[in-house]
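Engineer:
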Ligand code: DC
């Protein structure tokens, strides 16, 4: 049987973790698990139901209603996320959700609920999972851990360009502000903050072209697979 490994990609907001994860998943026919999308899905549901973030009972009930569906689609090897039967893969990327998701991801019951789903998905190996606490907490035994980062201003410009293409009404300064805020909240929260795993390989893509970054990471995977 072909050897399969798990790949954990952690790092700052908007530095292209998802793009790299998707690339590696396509190259090696692995599953791409975007854990940020899971935190966004819960944020979306909280937002839809107008739940106060301090109301832990309401959040607990929401998580147990089974209205949030997070599944790996068999033929695409990617997540499909639905709320009450409606696909929300696009809706969870909107600024209203981006602005609240860091606070939601600080909530212990939300984290433990999602981490359990993530760990279950990684059991069979062959996943590329991206997030903030993947290499340190979710799959600390991942064979390859990558920690991605890039200059905040460069990240903001890339994200702003993406949102412009989708006609989202937002300024560059607002995007930068959101990124700086999320970096701070993600790195300083009490439970499973964003920190670099000691055995992670660092990938700073501020000055890298997409192809260069992909090449570097692919070599790391090949190295691990040949060990
Ligand atoms: O990767 P992203 O920007 O879509 O993630 C959205 C938010 O979810 C981010 O602000 C931090 C949080 N997150 C987290 O706390 N832990 C993860 N494993 C993934 C994301």
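Numbering (this note's numbering), first residue to last: 625 to 851. Cβ coordinates follow ideal geometry from the N, Cα and C atoms, glycine included. The structure presented is a predicted model; accordingly, all values stated were derived computationally and were not measured.
1. Inspect the CB distances between the stretch 814-824 and the stretch 653-663 and report whether three or more fall short of 8 Å.
2. Closer than 6 Å to a non-hydrogen atom of the ligand DC - does that hold for the CB of residue 637?
3. For residue 742 and residue 838, I'd like the C-alpha separation in whole angstroms.
4. Pick helix, strand or coil for residue 749, following the three-state DSSP scheme.
5. I'd like to check one pair, residue 840 with residue 637: are the Cβ atoms closer than 7 Å?
6. Is there contact between the stretch 746-759 and the stretch 668-680, where contact requires at least three CB pairs shorter than 8 Å?
7. With a threshold of 6 Å (Cβ to nearest heavy atom), would residue 757 be considered close to the ligand DC?
8. Would you check whether the ligand DC has a heavy atom nearer than 6 Å to the C-beta of residue 707?
9. Quick one: Cα of residue 806 to Cα of residue 778, how far?
10. Are the Cβ atoms of residue 728 and residue 734 separated by less than 7 Å?
11. Given the structure, does residue 647 come close to the ligand DC, in the sense that its CB is under 6 Å from one of the ligand's heavy atoms?
12. How would you write the range of the beta strand (DSSP E) that residue 769 sits in, first residue to last?
13. Could you give the distance in angstroms between the alpha-carbon of residue 720 and the alpha-carbon of residue 672?
14. Measuring CA to CA, which of 759, 846, 797 and 657 is closest to residue 818?
15. Quick one: grab the DSSP three-state call for residue 729.
16. Keeping to the same chain, check which residues put their C-beta closer than 6 Å to that of residue 702; ignore five residues upstream and five downstream.
Structural biologist: Answer, in terms of the structure:
1. Under the three-pair Cβ rule at 8 Å, the stretch 814-824 does not count as touching the stretch 653-663.
2. For the purposes of this step, residue 637 is taken as residue 13 along the chain shown, with counting starting at 1. For the ligand DC, at least one heavy atom lies less than 6 Å from the Cβ of residue 637.
3. Locating residue 742 in the chain shown gives position 118, counting from the first residue. Locating residue 838 in the chain shown gives position 214, counting from the first residue. Their backbone Cα atoms lie some 24 Å apart in a straight line.
4. The residue given as residue 749 occupies position 125 in the chain shown. Correct three-state label for residue 749: coil.
5. Numbered from its first residue, the chain shown carries residue 637 at position 13. Numbered from its first residue, the chain shown carries residue 840 at position 216. No, these two residues do not count as a Cβ contact at 7 Å.
6. In the pairwise beta carbon analysis, the stretch 746-759 is classified as not touching the stretch 668-680: fewer than three pairs are separated by under 8 Å.
7. As a first step, residue 757 is located in the chain shown; it is residue number 133 there, counting from the start. Yes - the ligand DC has a heavy atom lying nearer than 6 Å to the Cβ of residue 757.
8. If you number the chain shown from 1, residue 707 lands on position 83. No - the ligand DC has no heavy atom lying nearer than 6 Å to the Cβ of residue 707.
9. The residue you call residue 806 lines up with position 182 of the chain shown. The residue you call residue 778 lines up with position 154 of the chain shown. Their backbone Cα atoms lie some 15 Å apart in a straight line.
10. If you number the chain shown from 1, residue 728 lands on position 104. If you number the chain shown from 1, residue 734 lands on position 110. The answer is yes: Cβ separation under 7 Å.
11. Indexing the chain shown from 1 puts residue 647 at position 23. No, the beta carbon of residue 647 sits no closer than 6 Å to any heavy atom of the ligand DC.
12. On the chain shown, residue 769 is found 145 positions in, with the first residue counted as 1. Looking at the DSSP string, the run of the beta strand (DSSP E) that includes residue 769 is 768-773.
13. Here residue 720 is taken as the residue at index 96 of the chain shown, counted from 1. Here residue 672 is taken as the residue at index 48 of the chain shown, counted from 1. Distance between the alpha carbons of residue 720 and residue 672: 11 Å.
14. Mapped onto the chain shown, residue 818 falls at position 194. Minimum Cα-Cα distance from residue 818 among the listed residues 759, 846, 797 and 657 corresponds to 759.
15. Here residue 729 refers to the residue found at position 105 when the chain shown is read from its first residue. Of the three classes helix, strand and coil, the one that applies to residue 729 here is coil, per DSSP.
16. Residue 702 sits at position 78 when you count from the first residue of the chain shown. 656.
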